[in-house]
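K.L.:
Start counting the sequence shown at 2; every next residue gets the next number (my numbering).
Beta carbons are placed, not taken as given, at the ideal position from N, Cα and C, and that holds for glycine.
In this text, all values refer to a predicted model and were calculated from it rather than measured experimentally.
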Amino acid sequence: MDIPVNELEQVSNTRLVTKKRCTNAVFTAIVLSCCVIPTPLVLADPTVNTLSSAPVKPQQKPSNNSLSFATNYYLDDRGHNTLSLIYSSKSLPYGLAFWGFTDLDSNQDNEDSRSDMTRYFTEARLTKMFGGGWGVQAEYNDASGTGNNLGRFGVVYKFPLDNRFVMLRVFPVETDGDGGQVSLIWRTKIGLDNLFFEGFIDYNIKEGQTNRIVSEPQLRYRVSDRLGITLEYRINEFLKPTPKDHKGTALGLYYKF
């Protein structure tokens, strides 16, 4: 069948327009693909929540308390009271730890003035622990009166025991130059989660004198995280004038700030 010339021209023009449009589309796509800057590959940031635009803060480790402070107020059966101030820090530079206390006492056998604090004793320890439970420690002591201050230097060993603290301390060097000390300190739970048995025993070696013991084992019942009741047995062979003054029992109220 013959197609009229005018229809052939119309078909030809239509094909040319279609071909031109396709060519333009391909050219545009090529230009766009060459000109648009490709998006770089971004690695996932672990601090960013991919399901939300808000950043997620990394989990922080709990920090050690910079300073701990507690008090004990005791009624001693030898007719005097004691206010004990206890302070410590585990976050000192170079891995050092500090612990100390100050006892303020009234005179013994003086019921009328048992709350009148006239004496003091203070002790401060600086400890550096190494591997295997071993460490070194420097200790400073001072008390009422003159010539009662001294420093000690020695080694410590913390026993590898679960859920309890036991440390042996040996001080072969004292600044007064006439002795040394061997000490054991401990803390453990007994029976109840809120009942603790803790304390220390110091064996003091004095050249040319009688060796003397100072010890204060105690039971502490924790009423709350801050409040506790303490029952303490006391031995101090440095006290004068008579041996009957060396031993006593005290009931105390403990508070941790």
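For Lys58, does the three-state DSSP call read helix, strand or coil?
P.N.:
For this step, residue 58 is matched to residue 57 along the sequence shown. Only weak support is given to the placement of Lys58: the predicted model assigns it a pLDDT of 43, under 50, and the value that follows is read from those uncertain coordinates. Here Lys58 sits in coil by DSSP.
K.L.:
Among Arg153, Phe160, Ser184 and Arg165, which has the Cα closest to the Cα of Asp177?
P.N.:
Indexing the sequence shown from 1 puts residue 177 at position 176. Ranking the options by Cα distance to Asp177, first place goes to Arg153.
K.L.:
Could you give the distance in angstroms between the alpha-carbon of Pro173 and the alpha-carbon of Ser184?
P.N.:
Mapped onto the sequence shown, residue 173 falls at position 172. Mapped onto the sequence shown, residue 184 falls at position 183. Each residue's Cα considered, the two are about 11 Å apart.
K.L.:
Could you give the C-beta distance for Asp1 and Thr250, rounded to a whole number, given that I count them as a contact under 8 Å?
P.N.:
Because residue 1 is not part of the residues shown, which for the chain are 2 to 258, the question remains open.
K.L.:
Here's the rule: buried if 16 or more other CB atoms are within 10 angstroms of the residue's CB, otherwise exposed. What is Gly83?
P.N.:
Reading the sequence shown from its first residue, position 82 is the one you call residue 83. One detail in the question is off: residue 83 reads as Thr in this sequence, not Gly. The residue is buried, with at least 16 neighbouring Cβ atoms inside 10 Å.
K.L.:
What's the gap between the Cα of Glu140 and the Cα of Leu127?
P.N.:
Position 139 of the sequence shown, counted from the start, is the residue given in the question as residue 140. Position 126 of the sequence shown, counted from the start, is the residue given in the question as residue 127. Taking the straight line joining both Cα atoms gives about 6 Å.
K.L.:
Suppose you measure from the CA of Thr103 to the CA of Lys257; what does that come to, to the nearest Å?
P.N.:
The residue you call residue 103 lines up with position 102 of the sequence shown. The residue you call residue 257 lines up with position 256 of the sequence shown. Using only the alpha carbons, I get a separation of about 15 Å.
K.L.:
Should Cys23 be labelled buried (16 or more other beta-carbon atoms within 10 Å of its own) or exposed?
P.N.:
For the purposes of this step, residue 23 is identified with residue 22 of the sequence shown, where counting begins at 1. Summary for Cys23: the model assigns pLDDT 43, below 50, so the residue's position carries little reliability, and this model does not support an answer.
K.L.:
Helix, strand or coil for Lys248 per DSSP?
P.N.:
Looking up residue 248 in the sequence shown gives position 247. DSSP places Lys248 in strand when its eight states are reduced to three.
K.L.:
Can you tell me whether Gly155 is buried or exposed? The criterion is at least 16 other CB atoms within 10 Å of its CB, across all chains shown.
P.N.:
Start at 1 with the first residue of the sequence shown, and residue 155 comes out as number 154. So Gly155 counts as buried.
K.L.:
Between the alpha carbons of His81 and Ser114, how many angstroms are there, rounded?
P.N.:
Taking the sequence shown and counting its residues from 1, the one referred to as residue 81 is at position 80. Taking the sequence shown and counting its residues from 1, the one referred to as residue 114 is at position 113. If you take the alpha carbons of His81 and Ser114, they lie about 8 Å apart.
K.L.:
Select from Lys91, Asp117, Arg235 and Gln210 the residue whose C-alpha is nearest the C-alpha of Leu220.
P.N.:
On the sequence shown, position 219 is the one that residue 220 refers to. It is Arg235 whose Cα lies nearest to the Cα of Leu220.
K.L.:
Measuring CB to CB, does Leu254 end up less than 8 Å from Tyr222?
P.N.:
Taking the first residue of the sequence shown as 1, we reach residue 254 at position 253. Taking the first residue of the sequence shown as 1, we reach residue 222 at position 221. It is not a contact, given that the beta carbons lie outside the stated cut-off.
K.L.:
Look at the alpha carbon of His247 and the alpha carbon of Thr189, and state the distance between them as a whole number of angstroms.
P.N.:
Residue numbering aside, residue 247 sits at position 246 when the sequence shown is read from its first letter. Residue numbering aside, residue 189 sits at position 188 when the sequence shown is read from its first letter. The alpha-carbon atoms of His247 and Thr189 are separated by roughly 26 Å.
K.L.:
Decide if Gly148 is buried, meaning its Cβ has at least 16 other Cβ atoms within 10 Å, or exposed.
P.N.:
Here residue 148 refers to the residue found at position 147 of the sequence shown. Exposed, by the Cβ-count rule.
K.L.:
Could you check whether Glu175 and Trp187 sit closer than 8 Å to each other, using their CB atoms as the reference points?
P.N.:
In the sequence shown, the residue the question calls residue 187 occupies position 186. In the sequence shown, the residue the question calls residue 175 occupies position 174. Cβ distance not < 8 Å, so Trp187 and Glu175 don't count as in contact.
K.L.:
What are the boundary residues of the beta strand (DSSP E) that Leu195 is part of?
P.N.:
Residue 195 sits at position 194 when you count from the first residue of the sequence shown. Checking the displayed sequence, the identity of residue 195 turns out to be Asn instead of Leu. Taken as a continuous stretch (DSSP letters only), Asn195 belongs to no beta strand (DSSP E), as it is neither H nor E.
K.L.:
Start and end of the beta strand (DSSP E) containing Lys129?
P.N.:
The residue given as residue 129 occupies position 128 in the sequence shown. Per DSSP, Lys129 belongs to the beta strand (DSSP E) from Arg120 to Met130.
K.L.:
Should Thr128 be flagged as near chain C, meaning a C-beta pair shorter than 8 Å?
P.N.:
The chain labelled as chain C is not found in the depicted structure, where only one protein chain is given.
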